[in-house]
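FYI, this note's numbering numbers position 75 of the sequence shown as 104, with every residue one higher than the one before it.
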Amino acid sequence: MMEMVIDGRQVEVMEGSSILRAAEAAGIYIPTLCEHPAVRAIGSCRVCLVEDEAGRLVTACDTPAREGMAVRTVSERVLDARKAVLELILSAHPMHCEVCEKNNLCRLKKLAVEMGVTGRELPFAQDYRPIVDANPFYHRDLSKCISCGLCVRACLETQGAGAFEMHATGARARPAAGKDGPVDGSSCEFCGLCVSMCPVGALMEKPPLRLGREERTVRTTCPYCGVGCTLELRIREGRIIGVGAGIPGSPNGFSLCVKGRFGLDFVHHPDRLTKPLLRKNGELVEVSWEEALGAVASRLGAVIEESGPDAVAFLSSAKATNEENYLLQKFARAVVGTNNIDHCARL
Ligand code: FES
30 MMEMVIDGRQ VEVMEGSSIL RAAEAAGIYI PTLCEHPAVR AIGSCRVCLV EDEAGRLVTA
90 CDTPAREGMA VRTVSERVLD ARKAVLELIL SAHPMHCEVC EKNNLCRLKK LAVEMGVTGR
150 ELPFAQDYRP IVDANPFYHR DLSKCISCGL CVRACLETQG AGAFEMHATG ARARPAAGKD
210 GPVDGSSCEF CGLCVSMCPV GALMEKPPLR LGREERTVRT TCPYCGVGCT LELRIREGRI
270 IGVGAGIPGS PNGFSLCVKG RFGLDFVHHP DRLTKPLLRK NGELVEVSWE EALGAVASRL
330 GAVIEESGPD AVAFLSSAKA TNEENYLLQK FARAVVGTNN IDHCARL
């Protein structure tokens, strides 16, 4: 640990922390746009400016805290500099928030409100780009991009796919897939991590578009594989309208695969079986759980009676929870009396 002063307060800081993390640990707020805990800070947006003891304006997210350092996060100079930065960003960002799918809830708009910036302080210098919409999972509207580079870093550093990189420089710099080609022809895995980190409306998930905001969230475990990623389901009117990650302590951190993030719409699919089916006279017919379980029990019982417990085998699933898998092996060994139990992950 080391000591530094933030806004006149002596604070203890973990060695290696940035000024931003040191301030966060001390409960001191510094606004950010291009920073995310899952990726390396690069100090590109400059919204997190603070003033050090020598009167220099430095970016808090990527400037390391030093022993004995003193910074001010709310001086007049700092607030003016942050406002100027925001005015510049907004001069190149469309302010049609009423038709933007982020619906006034992007981090840029929140900061503008917080700092009293309207977006009309500087002449408008918009760089309109066509919306790229050729994949089923997300759309890209680079007119709204603020070139923070979060999507590029998320794809390279966290997902390891490296599908995006920054093209061009200065005000025209934008993330591009491959050689500025279509996303679906690149190495993009459609994991959606970049979409979840985008602070504005440049990257938007398609499935929840026009469904509105969630009314509540539910934490659960992904049903797709044995990794057991923690999901945060966004629920509106009893339906899943989106899936998020980033629950502290979860095995997946902020990451999900394409199935976990975009594949949970099967829950509401009309073809989904919600009741057991039993074959009767060659036809599958819907029956109650009591009847279905009764049929399984009586047929299992008949086989065991005729040929012994080892005539039966159980195959469990990586899509079931550990507890369900435990119960099945317990049922096989303790109730039926066979060790013929295996798991699809070993096949
Ligand atoms: Fe620090 Fe963008 S948040 S420069």
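Even glycine gets a Cβ: it sits at the ideal position worked out from N, Cα and C.
Taken through DSSP and simplified to helix, strand or coil, HIS297 comes out as helix. Under the three-state reduction of DSSP, PRO338 is assigned to helix. LEU137 carries a helical assignment under DSSP once its states are collapsed to helix, strand and coil. Counting along the chain, the unbroken beta strand (DSSP E) around PHE193 starts and ends at 193 to 196. Judged by the Cβ position, SER73 qualifies as a neighbour of ligand 1 at the 7 Å threshold, a heavy atom of the ligand being closer than this. One thing to note: LEU62 has its Cβ no nearer than 8 Å to the Cβ of CYS184. Secondary structure note for LYS309: its beta strand (DSSP E) is the uninterrupted segment 306 to 309. When secondary structure is reduced to three states using DSSP, LEU302 falls in the coil class, being assigned neither helix nor strand. Taking all protein chains shown into account, PRO211 has fewer than 16 neighbouring C-beta atoms within 10 Å of its C-beta and is therefore exposed.
Within the chosen limit of 7 Å, ligand 1 reaches the beta carbon of VAL76 through at least one heavy atom. When the alpha-carbon of ALA67 is set against those of LEU302, GLY56, GLU234, ILE276, the nearest one is in ILE276. Per the DSSP secondary-structure output, GLY271 pairs in a beta bridge with ARG263. The count of Cβ pairs closer than 8 Å, one atom from the segment 204 to 224 and one from the segment 161 to 168, reaches three, so the stretches are in contact.
Here the distance from the Cβ of CYS227 to the nearest heavy atom of ligand 1 is not below 7 Å. GLY72 is not a Cβ neighbour of LEU119, given a cutoff of 8 Å.
Taking every protein chain shown into account, the CB of GLU44 has fewer than 16 other CB atoms within 10 angstroms, so this residue is exposed. In the three-state scheme derived from DSSP, where H, G and I count as helix and E and B as strand, THR367 is classed as coil.
When the five nearest sequence neighbours on each side are left out, the beta carbons in the same chain lying within less than 8 Å of the beta carbon of ALA141 are those of LEU115, LEU119, THR147, GLY148, in order along the chain. Separation of SER216 and PRO338 (C-alpha to C-alpha, rounded to the nearest whole angstrom) is 50 Å.
When the five nearest sequence neighbours on each side are left out, the beta carbons in the same chain lying within less than 6 Å of the beta carbon of PRO252 are those of LYS348, in order along the chain.
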